Amino acid sequence: MPIVSASFLPPSPLLIPEIGKQNNQMLQKTSQAYRQMAAIFEKEEIEIIIVISPYGLSQNENISLNIAPQLQISFQEFGYLATIKTLNPAWRLADAIVKEMGHDYPVKLSSQEKLDYGSAVPLALLTENIIIKTLPLFPANQKNRAYHYEFGLKLGKILKKRPEKIALVASGELSRCLKKNSPGGYSPKGARFDNRVIEYLNDSENGLNKILALEDKIGEEAKEGGLKQLSLLIGAIGENCQAQILAYQNDFGIGYLSVNFNLQIATI
Numbered sequence: 001m002p003i004v005s006a007s008f009l010p011p012s013p014l015l016i017p018e019i020g021k022q023n024n025q026m027l028q029k030t031s032q033a034y035r036q037m038a039a040i041f042e043k044e045e046i047e048i049i050i051v052i053s054p055y056g057l058s059q060n061e062n063i064s065l066n067i068a069p070q071l072q073i074s075f076q077e078f079g080y081l082a083t084i085k086t087l088n089p090a091w092r093l094a095d096a097i098v099k100e101m102g103h104d105y106p107v108k109l110s111s112q113e114k115l116d117y118g119s120a121v122p123l124a125l126l127t128e129n130i131i132i133k134t135l136p137l138f139p140a141n142q143k144n145r146a147y148h149y150e151f152g153l154k155l156g157k158i159l160k161k162r163p164e165k166i167a168l169v170a171s172g173e174l175s176r177c178l179k180k181n182s183p184g185g186y187s188p189k190g191a192r193f194d195n196r197v198i199e200y201l202n203d204s205e206n207g208l209n210k211i212l213a214l215e216d217k218i219g220e221e222a223k224e225g226g227l228k229q230l231s232l233l234i235g236a237i238g239e240n241c242q243a244q245i246l247a248y249q250n251d252f253g254i255g256y257l258s259v260n261f262n263l264q265i266a267t268i
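Using my numbering, the letters of the sequence shown map in sequence onto residues 1 to 268.
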C-alpha cells in the first residue's frame, strides 16, 4: 500500500498546552496545522506513524529505530510530570525494514521507553483521537543528506509493500538563528535560509529537487534542524508530489514550518 500521509512538523514542547501555557497562544497557527494533520490521520484511518526525529538516539554511523516494548509520551524534563499516553511499537514493520535494508543501509535497533521530545510532541498532538502503532526513526550523525535521501528511496519501496496504512512525519525545525534570543544567536543567513526553503516548497515543478540540492554549508550557517529528516522523507515519497505549507512561525527565534505533502499527485 502506498504511503498514505507525509508531513514536516516542528516538535516544539510549547505546543503542549500544559508546557507552553501563555506561550502556547503565540503558536496558534502551528497548532492549527497540527489539528489539520490530525484530522487527515483520523479520516485516512492511519495505523502506523513513522516519526523521523533529530533528538533521539542518534547513531554516528547508522540510522536507528526505537523498538522499546512500550513507548511513553512524557515531558518530565519540561516540568509536566504526567505520562500523556503509551504507544505500541510497530515491530513487524521494524523487522521488515532491517531485513530489507540489509548491508547496504544497516539499521541500528535501540530500546528507550521514554520517547524523545522530537518524537513525543508530534505523536501527542496527532494521536488524540486515534489508536496507532509507531516507529521512531533517528538520522545518522555522520551520514550526509544524500545518504538519508537514498535510505528514503529504499524505505519508500519497502513501505509500498506493506498492508498497513502508514504516515511519515519528519520532525524538525528550519533556522535556529532568526533573532537575538535564538538558540543559535542571530544571523541574517537564518531568515534567508528559511525564505529559500519556503520558496522551493512553493515551486510545484522542481522545488523538492532544489531542496535536495541545497549545499550543506547553507544549512550549517543557518543552524537548521530539519534537512536530513526532510531529505529522507522526500526520498520515501518521491519528488512528484506537491507541498502544501500549513504554517510558518518564528516567534521564538526558530523557524517552525508545518507542511503537508499531497501524495495524490505522486500516484497519478
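The beta carbon of each residue, even a glycine, is placed where N, CA and C say it ideally should be. Note that this is a predicted model, so its numbers are computed, not measured.
Judging by CA-CA distance, which residue of 82, 186, 154, 138 is the nearest neighbour of residue 171?
Counted from its first residue, the sequence shown places residue 171 at position 171. For the residues 82, 186, 154, 138, the minimum Cα distance to residue 171 belongs to 138.
Have a look at residue 105 and residue 187 and give me their C-alpha separation to the nearest angstrom.
Locating residue 105 in the sequence shown gives position 105, counting from the first residue. Locating residue 187 in the sequence shown gives position 187, counting from the first residue. If you take the alpha carbons of residue 105 and residue 187, they lie about 36 Å apart.
Taking residue 127 as part of the alpha helix (DSSP H), name the residues at either end of that continuous run.
Residue numbering aside, residue 127 sits at position 127 when the sequence shown is read from its first letter. It is not in any alpha helix (DSSP H) - residue 127 carries neither H nor E in the DSSP assignment.
Rounding to the nearest angstrom, what Cα-Cα distance links residue 27 and residue 103 in this structure?
For the purposes of this step, residue 27 is taken as residue 27 along the sequence shown, with counting starting at 1. For the purposes of this step, residue 103 is taken as residue 103 along the sequence shown, with counting starting at 1. So the two alpha carbons sit approximately 43 Å from each other.
Use the C-beta contact count for residue 267: other C-beta atoms within 10 angstroms, 16 or more gives buried, fewer gives exposed.
Mapped onto the sequence shown, residue 267 falls at position 267. Model confidence at residue 267 stands at a pLDDT of 45, short of 50, so the residue's coordinates are unreliable; what they give is reported in the following sentence. Exposed, since its Cβ has fewer than 16 Cβ neighbours within 10 Å.
Sorted by chain position, which residues of the same chain lie with C-beta nearer than 6 Å to residue 113's C-beta, five sequence neighbours on each side aside?
Start at 1 with the first residue of the sequence shown, and residue 113 comes out as number 113. Excluding positions up to five away in sequence, the list reads 68, 70, 72.
Quick one: what's got a C-beta closer than 7 Å to residue 192's C-beta in the same chain, skipping five residues either side?
Taking the first residue of the sequence shown as 1, we reach residue 192 at position 192. Excluding residues within five positions, none has a Cβ falling inside 7 Å.
Is it the case that the segment 118-133 contacts the segment 46-55, given that we only count it when at least three CB pairs across the two stretches are under 8 Å?
The answer is yes - the segment 118-133 touches the segment 46-55, with three or more Cβ pairs under 8 Å.
Can you give me the Cβ contacts of residue 257 inside the same chain, cut-off strictly under 6 Å, excluding the 5 residues immediately before and after it?
By 1-based counting over the sequence shown, the position of residue 257 is 257. Closer than 6 Å at the Cβ level, and outside the excluded window around residue 257, lie 174, 248.
Is the CB-CB distance between residue 100 and residue 158 below 7 Å?
Indexing the sequence shown from 1 puts residue 100 at position 100. Indexing the sequence shown from 1 puts residue 158 at position 158. Yes.
What residue from 147, 194, 42 has the CA that sits closest to residue 130's CA?
To locate residue 130, count along the sequence shown from 1; it is residue 130. Closest option to residue 130, Cα to Cα, is 42.
Along the chain, where does the beta strand (DSSP E) that runs through residue 249 open and close?
Counting from one through the sequence shown, the residue named residue 249 turns up at place 249. 242-249 is the span of the beta strand (DSSP E), which, as asked, contains residue 249.
In terms of residues, what are the limits of the alpha helix (DSSP H) holding residue 78?
Within the sequence shown, the letter at position 78 stands for residue 78. Residue 78 -> no alpha helix (DSSP H), and no H or E assigned at all.
From the DSSP secondary-structure annotation, give me the bridge partner or partners of residue 72.
Residue 72 sits at position 72 when you count from the first residue of the sequence shown. Residue 72 pairs with 86, 114.
With 16 as the cutoff for other CB atoms within 10 Å, does residue 95 come out buried or exposed?
To locate residue 95, count along the sequence shown from 1; it is residue 95. Answer is exposed; the Cβ neighbour count stays below 16.
Just how far apart, CA to CA, sit residue 80 and residue 57?
In the sequence shown, the residue the question calls residue 80 occupies position 80. In the sequence shown, the residue the question calls residue 57 occupies position 57. Rounded to the nearest angstrom, the two C-alpha atoms are 22 Å apart.
Going by DSSP in three states, residue 23 sits in which element: helix, strand or coil?
Counting from 1 along the sequence shown, the entry for residue 23 is found at position 23. Correct three-state label for residue 23: helix.
DSSP state of residue 200, grouped into three classes?
Mapped onto the sequence shown, residue 200 falls at position 200. Three-state result, residue 200: helix.
So what does residue 52 bridge to, in DSSP terms?
Translated into the one-based positions of the sequence shown, residue 52 becomes position 52. Answer is 137, 170, bridged to residue 52.
Buried or exposed: where does residue 269 fall if 16 or more other Cβ atoms within 10 Å of its Cβ makes it buried?
The structure shown does not extend to residue 269, since the chain is modelled only from 1 to 268, so the question has no answer here.
In chain order, what residues of the same chain have a beta carbon less than 7 Å from the beta carbon of residue 125, not counting five sequence neighbours either side?
The residue labelled residue 125 in the question sits at position 125 within the sequence shown. Cβ within range, chain order: 15, 34, 38.
I'd like the list of long-range same chain contacts for residue 90, defined as Cβ closer than 6 Å, with 5 residues on each side in sequence excluded.
Against the sequence shown, residue 90 aligns to sequence position 90. Here the set comprises 48, 133, 135.
Considering only the beta carbon of each residue, do residue 4 and residue 167 sit closer than 7 Å?
The residue labelled residue 4 in the question sits at position 4 within the sequence shown. The residue labelled residue 167 in the question sits at position 167 within the sequence shown. Cβ atoms of residue 4 and residue 167: closer than 7 Å.
Between the C-alpha atoms of residue 74 and residue 12, what's the straight-line distance to the nearest angstrom?
Against the sequence shown, residue 74 aligns to sequence position 74. Against the sequence shown, residue 12 aligns to sequence position 12. Cα-Cα distance, rounded: 14 Å.
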